[in-house]
Every structure is written in C-alpha cells, then in structure tokens.
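Peer 1: I have a structure I would like to understand better, so I am pasting it below and will then ask my questions one at a time.
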Amino acid sequence: MVVFFVMEILPIEVTAMGAIGVLLLFNVLTWQEAISGFSNPAVITIGAIFILSRALVKTGFLEVFADFLAKKGGNRKWLTIFIFLFTVSIISGFINNTAAVAIFIPLGIDLCQRFHISPTKVLLPLSYAAIFGGTLTLIGTSTNLVVSSIMEEMNMAPFSMFEFTKLGLIFLVLGTLYNMIISKWFMPSRSIISSLTRKYHMGSFLTEFKVGEDSPLIGKTYKDLDISQKYNLQVYKIIRDSKNIRFNLQNIIIREGDIFLVHINVKDMLKFKDDMKVLLLTDVKMNVAELTGKNHVIVEGLVSQQSALIGKTLQEFDFRNRYGSFVLAIKRQRELLRDKIAHIRLKFSDTLLIMVPKERLEILRTSNNLIVLEELDIHLRYERFWWFSILVIPAVMLLAAFGVIPIVKAAILGAILLLVMRTLSIQDAYESISWSVIFLIASLVPMGIAIQKTNLDEVTGNLIIGIGTLIGGGEGLDPVIILAVLYGVTFILSAFISNAAVAVMLTPIGIMLATILNVDPRPFLVAICFGASCSFMTPMGYQTNMMVFGPGQYRLKDFFQMGIPLTIIFWFTAVYCIPRFWAF
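Using our numbering, you'd call the opening residue of the sequence shown number 4 and step up by one each time.
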C-alpha cells in the first residue's frame with residue numbers, strides 16, 4: 004500500500020479505499036468500522052471549512068486585504084515581499100491553505116511583474132508561507148483536525164482552537180526569516196516577468212503544429228533546417244494520415260498536412276509558426292469568427308485541487324464549448340507528455356495555455372476548475388450578504404476557542420447559515436469541497452483502527468524506541484529522544500505520502516509510545532501534527548508545493564536544496580520547544 008501511495012499508481016483516495024476493501028475482505032475490520040470515517044467529526048469539519056473558505060474567497064476580500072498590505076511596502080521590494088508572505092501565513096491559519104495559495108499565486112506573479120524579478124524567487128516561499136500559517140490554528144490544516152478527532156475517539160481531550168499557536172508562531176517567525184533569506188540570495192532566477200511574458204510564462208509546453216501548403220518544411224527533413232536548435236523544440240512524433248511516426252524522425256521527409264507533436268516554449272512557438280508557415284491547433288480547429296485576433300488573450304490556467312478537469316480529457320470535459328476557449332498547449336511537472344493534447348487525462352497542477360475571448364475571461368477566472376495566472380482584477384465583490392461571509396470564519400473560531408460549542412458544530416452551523424442566507428449557492432458548496440480529500444481522510448480513519456486491532460502500533464512503537472535507544476545509548480528511553488525520532492519519521496514519510504495518511508497511521512503509534520514510556524501522549528501527537536504538516540523537501544509532499552511547481556519553473560533539486568535545511572531547523576526547534584510547551 005505504501006508503494007501505491009508513493010508511486011501514485013492509482014489516485015491516493017482510491018488506494019486508501021482499496022486498502023479498506025482488503026481489510027474488510029479479511030475481516031480485520033467490521034463493515035461498521037470500514038465506513039466509520041464518513042461520520043468522523045474531522046471529515047465533517049473539513050468539508051464544512053471548505054464551504055466557509057469558498058464563501059470568503061468569493062467576496063474578493065482576501066485579495067483586497069493582501070493587496071492593501073503589500074502596497075504599504077511602496078517601492079521597497081523586499082519589504083513588500085515580506086509583508087506579502089507574512090499576510091499569506093496569517094490568512095492560511097484561518098482558511099484551507101490550498102485555497103490560500105490558489106488566491107495568492109496570481110498576486111505573487113503580479114508582484115514579480117511590478118519589481119521585475121523571477122517568479123521562481125517568490126512562489127516557493129509563498130507555498131512555504133502557507134504551510135507555516137497552517138500550523139497556527141486547529142483548522143489551519145486537515146492534519147490537525149484528523150489527529151484531534153482520533154484523540155477524542157480515544158477519550159482524550161482534543162486540541163483546542165489555538166493550542167498550536169505558541170509553537171506555530173515560532174515556526175512562522177523562523178520560517179519567514181528563512182523565506183526572505185532564500186528568496187533574496189539563494190532562489191534561482193529562471194525567468195523574469197517582462198513585457199514579453201506579461202500574460203504567461205516561458206515554460207516548455209506540449210503542443211501540435213500542422214504543416215501548411217506553403218511551408219518551407221515540405222520536401223525536407225526537419226534536420227535539414229536545424230529547427231530543433233533554432234527554435235529550441237523537441238519533436239516527439241509526426242502524425243501522418245492517422246498514423247504515428249515515432250522513430251528516425253530527423254530523416255522523415257515532411258509532407259503537407261503532417262502534424263508535429265512537440266515540446267516548445269511560448270516565445271519560440273509563435274516564431275516557429277510564422278517562420279515555418281505551420282498552423283497551430285487554433286488555426287486548424289477554430290473558425291474565422293473565433294479567430295478575430297484582437298478580441299482574444301492568452302493566459303495560463305493551473306488545474307486546481309478540486310477541479311472537475313482531473314481525470315478527464317479536454318474533449319470529455321467539453322472545454323471549448325463550456326468556456327468558449329481553446330487550449331493551445333499543456334505542461335506537466337515530473338512527467339513527459341507525448342500524447343495528442345485532446346487525449347491527455349489531466350491531473351492536479353497541470354498548466355494549460357489557453358486562448359480565450361476577452362469577454363469570456365471572467366467566466367474562466369471565477370471557475371473552481373482553474374487558477375488563472377494573468378493580470379489581476381482586485382476588488383470587493385458585493386454579492387448578497389457579502390459581509391457575512393467575511394465574519395463567519397472568525398465567529399466559528401471564537402465560538403470553538405471559548406468552548407461555547409464544539410468546532411464541528413460551529414463549522415456545520417456556519418456552512419448552513421451561508422446556504423440559508425443564499426450567500427453561497429448549493430452548487431458553489433458542492434464545487435468548493437475537495438472530494439478527493441474527503442474520501443481520502445474518510446478511508447484513512449478505519450486504517451487507524453486496523454493499526455490498533457493488529458497491534459501494529461505496538462510493534463512500530465517498540466521499533467521507534469529501539470532506534471531511540473541506539474541514538475541515546477543508556478538514555479534511550481528518554482521521551483525527548485523518542486519525540487525526535489517520531490518527528491523525523493513523520494516528516495520523512497510526509498515527503499512522499501499524503502500528510503493526512505501519515506497522521507492517521509502514526510497517531511495510534513504516538514499514543515502507544517506514550518503508554519510504553521508511561522508519559523502523556525500529547526507531546527508526541529503535537530510532533531506528528533507539525534511533522535506531517537511541515538513538508539518542504541519535495542513537490543509531492545504538500546499540495547501547495549505542487550501548485551507552485553509549474554508557475555515557478557522549479558526543479559526537484561530546488562525543493563531538496565531549500566526544503567532540507569528548513570526541515571532540519573524546524574526539527575530541532577520542535578524537539579526543543581514541544582516538551583517545554585506540552586510537558587511529558
């Protein structure tokens with residue numbers, strides 16, 4: 004199962020459900036236990052918070068607030084970036100941090116345009132800032148809610164709303180200082196936003212060209228004209244009369260009507276089209292009315308986490324008719340695309356290069372399916388009871404913090420009020436929920452029960468104690484050393500597996516460790532929350548890292564180089580602070 008999680012052979016929620024099916028088949032779990040996750044308070048709370056976050060995002064208040072604060076920095080570049088990153092962290096403590104990053108990626112790119120710096124210097128620190136913010140409150144990340152819910156089921160006092168804040172603030176201060184240092188001196192500068200790339204970036208996309216009747220390519224090989232070097236493109240295959248030619252491409256004599264499937268950046272894409280008199284996808288498939296040039300703009304769209312595009316092709320989704328727009332090209336991190344654009348099944352964080360009529364741009368921008376990376380339209384949207392959407396999340400947090408009502412009850416009531424007052428439509432509510440997250444966590448909760456029933460928690464607990472003994476010598480049973488090992492195991496697993504999955508699997512083990520050592524389990528559970536949430540070392544370690552991977556033009560080594568030192572700093576900080584804030 005761990006291999007399936009790491010390799011993502013299947014979607015991770017399908018892997019989790021498959022594991023439950025196996026446990027149910029072999030009677031490790033009863034059917035009541037197998038479906039218990041769907042009534043788990045954490046799952047219900049997370050679903051309600053998705054709805055609350057969507058209502059707040061819809062008002063435009065967060066963009067206006069962040070833009071107002073960023074402008075306080077004036078023309079002082081690094082002060083403005085500091086204010087921007089700090090604001091992202093604070094807001095991420097109140098709403099889902101994936102939603103926060105979705106809002107602030109376009110704002111971050113806007114800052115890069117303003118100060119003529121590369122997005123590479125800002126977007127990874129933006130993801131990290133959102134992660135810091137998630138550690139501030141109970142609702143800052145789903146991991147905190149999941150661990151707290153398991154504690155409640157085991158008759159332990161759950162975490163309070165602001166119980167994490169004292170350590171979270173330390174992480175926030177250290178992390179923000181670290182962000183500023185790497186942003187200014189260590190992050191690479193791969194592409195500067197200039198007039199050439201005002202609406203889109205210079206990354207390499209997969210696209211298709213059709214050889215026109217007057218193309219200089221006809222009768223020659225593409226090697227003859229040295230187009231690979233001249234236009235910095237790579238040809239993957241030539242499609243001729245519905246046949247795919249994949250081998251010996253450099254020596255194929257090109258004919259009229261041949262279709263080239265290539266990887267090329269935006270700047271060279273347009274130059275190659277003009278010089279070689281080839282037709283882009285749009286030239287072939289869009290009619291004359293759709294191609295009335297000046298009424299169209301080109302934008303990049305990032306496939307969001309809850310997008311209905313995930314798992315579908317553009318054809319199946321009917322993208323062209325739904326948005327009146329046309330996808331020119333597709334870019335994907337960590338995977339080389341070699342299929343026709345219309346046949347590619349889209350994934351979370353894929354980047355689409357879209358040609359869209361100006362009058363349809365707002366429809367694209369307000370869709371939950373894509374995060375549009377283009378010039379901003381920052382203003383408050385005065386929809387029905389917009390002010391209530393701004394007040395409801397602070398109200399929910401305060402009611403839960405002062406023990407007036409439990410967090411699950413407060414979140415449900417807040418979501419219901421938004422729907423009853425028609426601040427949010429029921430369709431908006433459905434679309435706001437990341438169902439993959441809901442099904443993943445609901446499927447993971449029974450796995451925690453299975454870990455206890457099979458005594459895997461005790462076996463793993465003894466293994467961790469054995470490692471602690473090796474490290475600490477005679478002091479091997481010192482709970483601080485065990486805490487350090489547990490935090491280390493947590494962040495290593497979280498670099499490759501969903502942080503919610505790690506939290507669910509390790510929480511019973513943390514409780515068993517406390518039982519073996521005869522100490523309070525709370526410090527171990529705090530370590531699991533922080534270790535699972537603070538995943539900086541890989542793009543797959545956290546959803547926000549995946550979201551900035553493409554727009555920031557990052558490479559895997561960037562995450563290792565920037566993430567490992569930060570992870571180690573947080574590891575030592577946690578091991579020092581947790582026993583002082585939560586005594587054994």
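Ideal Cβ positions, reconstructed from N, Cα and C, are used throughout, including at glycine. Quantities reported herein were computed from a predicted structural model and do not represent experimental measurements.
What are the start and end residues of each continuous alpha helix (DSSP H) run of 4 or more residues lying completely inside the segment 207–272, in chain order?
Peer 2: Listed in chain order, they are 230–233.
Peer 1: Under DSSP, the beta strand (DSSP E) around valine 330 begins and ends at which residues?
Peer 2: 329–334 is the span of the beta strand (DSSP E), which, as asked, contains valine 330.
Peer 1: Could you tell me which residues DSSP puts in a beta bridge with valine 359?
Peer 2: Looking at the DSSP assignment, valine 359 forms a beta bridge with Val300.
Peer 1: Taking 9 Å as the cut-off, decide whether the C-beta atoms of alanine 577 and glycine 513 are in contact.
Peer 2: The answer is no: Cβ separation not under 9 Å.
Peer 1: The beta strand (DSSP E) spanning isoleucine 512 covers which residue range?
Peer 2: Where isoleucine 512 is concerned, there is no enclosing beta strand (DSSP E), although the alpha helix (DSSP H) it sits in stretches over 502–520.
Peer 1: What distance in whole Å lies between the Cβ atoms of alanine 37 and isoleucine 47, which are believed to be in contact at a cut-off of 8 Å?
Peer 2: In fact, because the Cβ distance is near 18 Å, the residues do not count as touching under 8 Å.
Peer 1: Measure the Cβ-Cβ separation of glutamate 211 and isoleucine 262 and say whether it is below 9 Å.
Peer 2: Yes.
Peer 1: Look at alanine 103 and arginine 57 and say whether their C-beta atoms are less than 9 Å apart.
Peer 2: Against a cut-off of 9 Å, the Cβ pair of arginine 57 and alanine 103 comes out as no contact.
Peer 1: Run through DSSP, which three-state label would threonine 570 get?
Peer 2: It is helical.
Peer 1: Here's a check: name, in chain order, each residue in its chain whose Cβ is nearer than 8 Å to the Cβ of threonine 90, leaving out the five neighbours to either side.
Peer 2: Excluding positions up to five away in sequence, the list reads Phe68, Ala69, Leu72, Ala73.
Peer 1: What are the complete alpha helix (DSSP H) segments, minimum 4 residues, inside the segment 409–482?
Peer 2: Complete alpha helix (DSSP H) runs here, min 4: 410–423, 429–435, 438–456, 459–475.
Peer 1: Using three-state DSSP, classify isoleucine 15 as helix, strand or coil.
Peer 2: If DSSP states are grouped into helix, strand and coil, isoleucine 15 belongs with the helices.
Peer 1: Thinking isoleucine 470 and valine 488 are a contact (beta carbons under 8 Å), I'd like their distance in whole angstroms, please.
Peer 2: About 5 Å; that satisfies the 8 Å criterion.
Peer 1: Closer than 6 Å by C-beta to leucine 175: which residues in its own chain qualify, once you throw out the five before and the five after it? Chain order, please.
Peer 2: Only Ser92, Phe135 meet the Cβ criterion.
Peer 1: Measuring only the C-alpha atoms, how far is phenylalanine 527 from glutamate 156?
Peer 2: Between phenylalanine 527 and glutamate 156, the C-alpha separation is close to 17 Å.
Peer 1: Using the Cα positions of arginine 348 and isoleucine 248, report the straight-line distance between them to the nearest angstrom.
Peer 2: Distance between the alpha carbons of arginine 348 and isoleucine 248: 22 Å.
Peer 1: Decide if leucine 199 is buried, meaning its Cβ has at least 16 other Cβ atoms within 10 Å, or exposed.
Peer 2: Since pLDDT at leucine 199 reaches only 30, below the 50 mark, its modelled position is unreliable, and the value read off the structure follows with that caveat. That one is exposed.
Peer 1: Can you say whether valine 462 is buried or exposed, counting buried as having 16 or more other CB atoms within 10 angstroms of its CB?
Peer 2: Exposed: under 16 other Cβ atoms inside 10 Å.
Peer 1: Per DSSP, what are the beta-bridge partners of threonine 354 in this structure?
Peer 2: Answer is Leu305, Lys334, bridged to threonine 354.
Peer 1: So what does DSSP say about cysteine 580, is it helix, strand or coil?
Peer 2: DSSP places cysteine 580 in helix when its eight states are reduced to three.
Peer 1: Can you list, in chain order, the residues of its chain whose CB lies under 8 Å from that of alanine 404, leaving out five sequence neighbours each side?
Peer 2: The residues are Ser163, Met164, Phe165.
Peer 1: Give every residue of the same chain whose Cβ lies closer than 6 Å to the Cβ of serine 501, excluding the five residues on either side of it in the sequence, and list them in chain order.
Peer 2: Hits under 6 Å: Ile15.
Peer 1: Distance check for serine 121 and threonine 570, CA to CA, integer angstroms please.
Peer 2: Straight-line Cα distance between these residues: approximately 24 Å.
Peer 1: Contact between the segment 137–153 and the segment 106–123: three or more CB pairs below 8 Å?
Peer 2: Contact fails: fewer than three Cβ-Cβ distances are below 8 Å.
Peer 1: Classify leucine 141 as helix, strand or coil using the three-state DSSP reduction.
Peer 2: Leucine 141: coil per DSSP, three-state reduction.
Peer 1: Mapping the DSSP letters down to three states, classify leucine 28 as helix, strand or coil.
Peer 2: Of the three classes helix, strand and coil, the one that applies to leucine 28 here is helix, per DSSP.
Peer 1: Could you tell me the boundaries of the beta strand (DSSP E) in which valine 375 lies?
Peer 2: Its beta strand (DSSP E) spans residues 373–376.
Peer 1: Where DSSP assigns a beta bridge to valine 281, which residues make up the other side?
Peer 2: Per DSSP, Val214.
Peer 1: Rounded to whole angstroms, what is the Cα-Cα separation between leucine 422 and threonine 62?
Peer 2: For leucine 422 and threonine 62, the distance between alpha carbons rounds to 15 Å.
Peer 1: What's the C-alpha gap between serine 497 and phenylalanine 189?
Peer 2: Distance between the alpha carbons of serine 497 and phenylalanine 189: 24 Å.
Peer 1: Do you know offhand how far alanine 105's Cα is from leucine 114's?
Peer 2: Approximately 15 Å, taken between the alpha carbons.
Peer 1: Roughly how many whole angstroms lie between the Cα atoms of phenylalanine 351 and threonine 369?
Peer 2: Approximately 18 Å between the Cα atoms of the pair.
Peer 1: Leaving out five residues before and five after glycine 126 in sequence, what residues of the same chain have Cβ atoms less than 7 Å from its Cβ?
Peer 2: Checking the sequence, you will find leucine at residue 126 rather than glycine. Taken in chain order, the residues that qualify are Ile108, Gly111, Val551, Pro554, Gly555.
Peer 1: How many Å lie between glycine 296 and leucine 416 at the Cα?
Peer 2: Confidence at glycine 296 is low in this model, with a pLDDT of 45, below 50, so the placement of that residue is unreliable and no value is reported for it.
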